[in-house]
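Here's the structure we're looking at; comments come further down.
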Amino acid sequence: MIKSILPLRAVELGYIANARTLLDGISLTINRGTFTVVLGPNGAGKSLLLRLLHGMLEPSTGTISWANGSSADRRRRQAMVFQRPVHLRRSVEANIVFALGALGIPRKDRSGLVQLALERAGLTAARRVHARLLSVGEQQRLSVARALAAEPDILFLDEPTASLDPVSVHRIETLLIEANARGTAIVLVTHDVSQARRVGQKIVFLHDGRINGQGPAPSFLDNPNSDVARAYLAGKIIV
Amino acid sequence: MIKSILPLRAVELGYIANARTLLDGISLTINRGTFTVVLGPNGAGKSLLLRLLHGMLEPSTGTISWANGSSADRRRRQAMVFQRPVHLRRSVEANIVFALGALGIPRKDRSGLVQLALERAGLTAARRVHARLLSVGEQQRLSVARALAAEPDILFLDEPTASLDPVSVHRIETLLIEANARGTAIVLVTHDVSQARRVGQKIVFLHDGRINGQGPAPSFLDNPNSDVARAYLAGKIIV
Amino acid sequence: KNKNYIVLQSTTSVQNSGLLGHLIPIFHKKTGVGVRVVAVGTGQALKNARNGDGDVLLVHSRAAEKRFVSLGFGIERHEVMYNDYVVIGPRHDPANIRMIDDIAQVFLNISSKRVPFVSRGDNSGTHIRELSLWNIAGIAPDADGAAWYREAGSGMGATLNIAVGMGAYALTDRATWLSFQNKGDFEVLAQGDTRLSNPYSVILINPVRHPHVNGKGGRAFIKWLTSPEGQGAINAFRLNGEQLFYSVLKN
Amino acid sequence: MVREFREKPYMHDLNAAILLAAQLIYTGDADLLEIIGLSIGVSLTAVLASCVIGMLLGAAIAVLKFRGRGAVTILLNSLMGLPPVVVGLGVYLLLSRAGPLGVFGLLYTPTAMIIAQTILVMPIVAALTRQVVEDFYAEYDEQLRSLGVRGRRLVTTLLWDARYSLITVALAGFGRAIAEVGAVMIVGGNIDHLTRVMTTAIALETSKGNLALALALGIILVGVSLLVNGAVASLGRRFGRSRYD
Amino acid sequence: MVREFREKPYMHDLNAAILLAAQLIYTGDADLLEIIGLSIGVSLTAVLASCVIGMLLGAAIAVLKFRGRGAVTILLNSLMGLPPVVVGLGVYLLLSRAGPLGVFGLLYTPTAMIIAQTILVMPIVAALTRQVVEDFYAEYDEQLRSLGVRGRRLVTTLLWDARYSLITVALAGFGRAIAEVGAVMIVGGNIDHLTRVMTTAIALETSKGNLALALALGIILVGVSLLVNGAVASLGRRFGRSRYD
Ligand SMILES: Nc1ncnc2c1ncn2[C@@H]1O[C@H](COP(=O)(O)OP(=O)(O)OP(=O)(O)O)[C@@H](O)[C@H]1O
Ligand SMILES: Nc1ncnc2c1ncn2[C@@H]1O[C@H](COP(=O)(O)OP(=O)(O)OP(=O)(O)O)[C@@H](O)[C@H]1O
Ligand SMILES: [Mg+2]
Ligand SMILES: [Mg+2]
């Protein structure tokens, strides 16, 4: 087992597309075992930021650097739950098996991990169902379980509980807190301020492509260090 | 202007796919100007029910009947916001124009309605952006604005605020309440119990493909007339 | 209708050898009538002509031509020229036919040595002649489903390509052979028997049956081709210094 | 063109063909240019006609629910295997003087060639379009039905949204048209200066045993295809295709 | 077969051809069955080979980022327009006694025909597969990259998920193979009882002027295509395709 690939250091990230500056001057460090919540209005650039950090897009400016590991390690030791889950045209179970295979998990370890993931997603009964036939919420749970399955060093989640019922929200939050306690760094995008309060250690507030205030979770949420964030938390931001 | 196509009457609806009974014995009436909220855990069949009512799927058993209108009227006088917004590969504005055209709105009336829809969605600045480049939340707002544009008799919404920031949620709720006040019947699926409390007149609780309790909004939520609903509202349902 | 051109349904040998490319400009210069050549197998040419798709025929299959005219599809049939058939084969001549004058003996040698022979097998003028030559030699080549006798079912050029590719003998008209480029180490091994003569005819497609036929232009073409001038032009055509076609007009 | 190269010594290998091709292009032989022009003209026209008919037809089959839809799809897929010679014969029988359309005198004209190639290419365009549009429609289906989009509007909307993928379909049709010889040979007649196109010229040279020249013409034909494809690609890029399209 | 119908009275219209086709099928002519068998055998084998190579190649081009990807795509699209006669000539030069592979004695054998058709069909399969897989990949791209799926695994995953759409691609390849005559004519030689297939038989009857018989054979060939397509469709249905696939 190699050392954790963390900390992740992003310096002055910027992203420009179609002549629009969508992200600008974002600097951020993610340490082992931390729990970061990214807040911000629709279109602020939260999903873009996650994509950059996860290596899905190349930043237009700035750099992203990891502390350890080959590029293959880095790929294998991080995971992301996308805002719109995408599943292969196969059964629920086969989707998890596939993901484990892709991550290089030895064949003998897979079946145990699959069981665990199915239980976590509450999909044990639906294991043979075609993944694309699941309800939206079930698909989202499958995504989260799949991402957690390989116990990554860092886990990016883009509004993973947006379509979940309250009980499922609670279960996912518990899973995240547990994983975090085992050392997985978590970066979570959400619109649910009370969720941020429940799970977050550090809040990053994004507005219009810039970090517009950040701080430790309870204190920042109670008393944000930026006007925009204060307005947002009071439910008053103009989109 | 023809009379409203409402009331909509569904009798003993059932839906079976791949030998699984997904909906069973659902009877429901939607009157003019009502606001119905459908609650229920992931996979309960909420989206399926909306699809059946909106005519996207044929029920396996039972009947759906409208009070008035030709089949073309019925299509034109109802609208639905799907759980996963789908937009054409064109600009934001062109998407709304297209929808209005499809609904048979005369050309001269369109541009005013487009302005209004853009404002409602908070997308006036993004009108020329390719719709598929919008953030998920923005796409969802576009869907809602598009559906509201033609002032339908009945509007089905499948978790329309799931990915929205709190301010946008508030704006959409206001728009729905306003439309409802103008006479549009609304059927809203949501996982947000406080949202149900804010906007709903009548709650329908769905569980495992069956209606498992229903009633007027505040009283049902405070004191549900079914055990399952009570457990769900207390955050305790086993999925 | 005043078309200033005729469509000539011709056999491929006169086209591929370049004869028509030699004759047509001379004719065009003299009369102002253009000639559009559709070069196909004799069978297809006759069929097209029956349907009225063309004005003049230039083919080489006496029996079929006579039938065509007797059925009223064509008029004014004239034999205009001839050349001859030859047997070609690989230089080392496994069947030992070189310099044999009697064509029947040539075919006997080939069949008795069971050396590969490629037949056109397409019912063309050349194919029919080949069959009659086997008949003269008293052999039924495809009777025993013999592997040495292959029906190519192709035009002359394609059949020659196959013969060269397989190292087999074949019967071909001399004009096509001389103008053929893919000879490899093949050469003419047997020739000269009078039974190898190959006469060509022109026929005007019957304007009574097919009113759109350009009778005027067609007649002009036939008249010119059979005139001393046209006959001279046929004799004058050379390919690599060799005369390929001989006029029927004795001069 | 023919005469010029007839006198070349015997050669049959690929190198000779490539050299010959280069030489033909370099000298800019007027006959060759005429033949290339006709090839492109006939095939592009046929493909255009095929796309107009075939794409509408294919998209309609993809989105409309009707009895026998499965059978029509199988038929369409089968017609991708229409042999050019058979199409040529069919068109010949139609256009022949003895045939029903004989009075128009279209046989042995470029128009006849266009008709034959259109019949040949249209099913290919339609069958491939059906598949492409059906794949797109899976995503749009409910949203468009919800909006009440039906019939002609549904078909054109999907064709427009699938336009970048349909370029490849059109190019497949073009490839089929520009390369085929059986149909144009029969209905065109390979008449010099009138209906001789690249493929019939190649067939002619092959039958003369001019294999090197035939191959050289073939190489040039592939070059022409490359040019057309390159032009289409750069047009496509011009009108920009983002990864979200 | 040939001899049997040679003496038929003059007929040239479609009706006669249809009648003749029915008669041929009814009598179950042994020669005809042999020819049909060879046609299907050669073309199916060639299509199988083309699919193995072409689908892997097409999918690889669709998903791998490399310099010159655009150029390769254009090349592939252009090669859909490879003229059969040219492919036939190329293979002929390779396999002829004087050619580099002459020692194997493959010329004028079914193997030669399979090789030629594979060269002809492979680019079509590859180019269409590239488009189909690229369209699918747009949806999967980020998810699969996030999972670290790359290289061979990426290619096979996408091919498997796109399998229903790729059936149409394979059928397009089959159509091309079963219908072409130029290549098999040159490398096969249309030798009776050895390399005669449906299309070369049709060309032969056409050159004899037996248009009705040629057309009848064409109709039978389309019928054969229908059977193959129908079989593929029913297999596809057997292994079920829901609307979510
Ligand atoms: N390639 C692109 N070209 C132009 N604009 C883009 C592109 N990609 C994203 N955008 C824009 O960037 C902005 C930020 O998008 P992003 O998806 O990161 O928002 P978000 O913060 O995740 O919002 P949400 O909460 O709605 O998910 C949006 O306004 C979107 O329209
Ligand atoms: N065609 C089908 N075949 C089999 N099962 C299906 C099919 N369509 C839907 N289902 C199943 O039906 C159930 C209900 O799906 P539906 O999308 O209606 O749930 P939902 O109540 O909207 O859930 P969510 O809150 O997650 O959106 C799910 O468990 C799903 O897997
Ligand atoms: Mg987002
Ligand atoms: Mg749902």
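Protein chains in written order, with our numbering: chain R, 86 to 324; chain Z, 86 to 324; chain X, 1296 to 1546; chain P, 974 to 1218; chain Y, 974 to 1218.
Where is the CB? At the ideal position from N, CA and C, for every residue including glycine.
Computed from a predicted structure; not experimentally measured.
- For Asp-1348(X), the closest alpha carbon among the candidates Val-1160(P), Leu-1132(P) and Arg-1126(P) is that of Val-1160(P).
- Taking a 10 Å sphere around the C-beta of Glu-143(R), we find fewer than 16 other C-beta atoms and assign the residue as exposed.
- At a cut-off of 8 Å, the C-beta of Gly-1121(Y) has a neighbouring C-beta in chain R.
- At a cut-off of 8 Å between beta carbons, Ser-1051(P) makes no contact with chain X.
- Sequence-distant Cβ neighbours of Leu-1066(Y) in its own chain, meaning closer than 8 Å and more than five residues away, are Gly-1072.
- Annotation for Gly-268(R): Arg-117 and Gly-118 place their beta carbon closer than 7 Å to its own, counting only its chain and skipping 5 residues before and after.
- Residue environment for Pro-126(Z): buried (at least 16 other C-beta atoms within 10 angstroms of its C-beta).
- Chain X has no Cβ within less than 8 Å of the Cβ of Leu-1030(Y).
- Here DSSP, grouped into helix, strand and coil, assigns Asn-1493(X) to strand.
- Near ligand 3, meaning a beta-carbon closer than 6 Å to one of its heavy atoms, we find Lys-131(R), Ser-132(R), Gln-168(R), Asp-243(R), Ser-220(Z) and Val-221(Z).
- Around the CB of Gln-996(Y), fewer than 16 other CB atoms lie within 10 Å, so the residue is classed as exposed.
- For Pro-301(R), the enclosing beta strand (DSSP E) covers residues 295 to 301.
- Around Gly-1420(X), the same chain offers Thr-1337, His-1355 and Ser-1356 as residues with beta carbons nearer than 6 Å, after the five sequence neighbours per side are excluded.
- For Thr-106(R), the enclosing beta strand (DSSP E) has its first and last residue at 105 to 115.
- When Cβ-Cβ separations below 8 Å define contact, Leu-1117(P) makes no contact with chain Y.
- The alpha helix (DSSP H) runs of length 4 or more contained entirely in the segment 113 to 190 of chain R are, from start to end of the chain, 131 to 139, 156 to 161 and 177 to 187.
- For Gln-1104(P), the nearest beta carbon of chain Y is closer than 8 Å to its own beta carbon.
- Membership of Val-1105(Y) in the alpha helix (DSSP H) is indicated by the continuous run 1083 to 1119.
- The C-alpha of Gln-200(Z) is placed about 28 Å away from the C-alpha of Ala-319(R).
- A Cβ-Cβ distance of about 13 Å is found for the pair Pro-309(Z) and Lys-287(Z), leaving them out of contact under the 8 Å criterion.
- Rounded to whole angstroms, the separation of the alpha carbons of Arg-226(Z) and Ser-220(Z) is 10 Å.
- For Gln-1476(X), the secondary structure class from DSSP, reduced to helix, strand or coil, is coil.
- In this structure, Arg-105(Z) has its CB closer than 7 Å to one or more heavy atoms of ligand 2.
- Chain P has a Cβ within less than 8 Å of the Cβ of Leu-173(Z).
- In its chain, beyond the 5 residues on either side, Ala-1185, Leu-1188, Ala-1189 and Ile-1192 have a beta carbon closer than 7 Å to the beta carbon of Ala-990(Y).
- With a threshold of 8 Å between beta carbons, Leu-188(R) makes contact with chain Y.
- The Cβ-Cβ distance between Asn-1311(X) and Ser-1138(P) does not fall below 8 Å.
- Scanning its chain for C-beta atoms nearer than 8 Å, with the 5 sequence neighbours on each side dropped, one finds around Ile-90(Z) the residues Trp-151, Ala-152, Asn-153, Gly-154, Asp-158, Arg-159, Arg-162, Gln-163, Asp-238 and Ile-239, in chain order.
- DSSP, reduced to helix, strand and coil, places Ala-1156(Y) within a helical segment of the structure shown.
- Only His-276 and Val-278 from the segment 270 to 286 of chain Z bring a Cβ to less than 8 Å from some Cβ of chain R.
- Chain Y places a beta carbon closer than 8 Å to that of Ala-184(R), counting this residue as a contact.
- In the three-state scheme derived from DSSP, where H, G and I count as helix and E and B as strand, Lys-1298(X) is classed as coil.
- No Cβ-Cβ contact shorter than 8 Å links Leu-93(R) with Tyr-100(R).
- Rounded to whole angstroms, the gap between the alpha carbons of Lys-131(R) and His-139(R) is 12 Å.
- Here the distance from the Cβ of Leu-1127(P) to the nearest heavy atom of ligand 1 is not below 7 Å.
- In the three-state reduction of the DSSP assignment, Asp-243(R) falls in the strand class.
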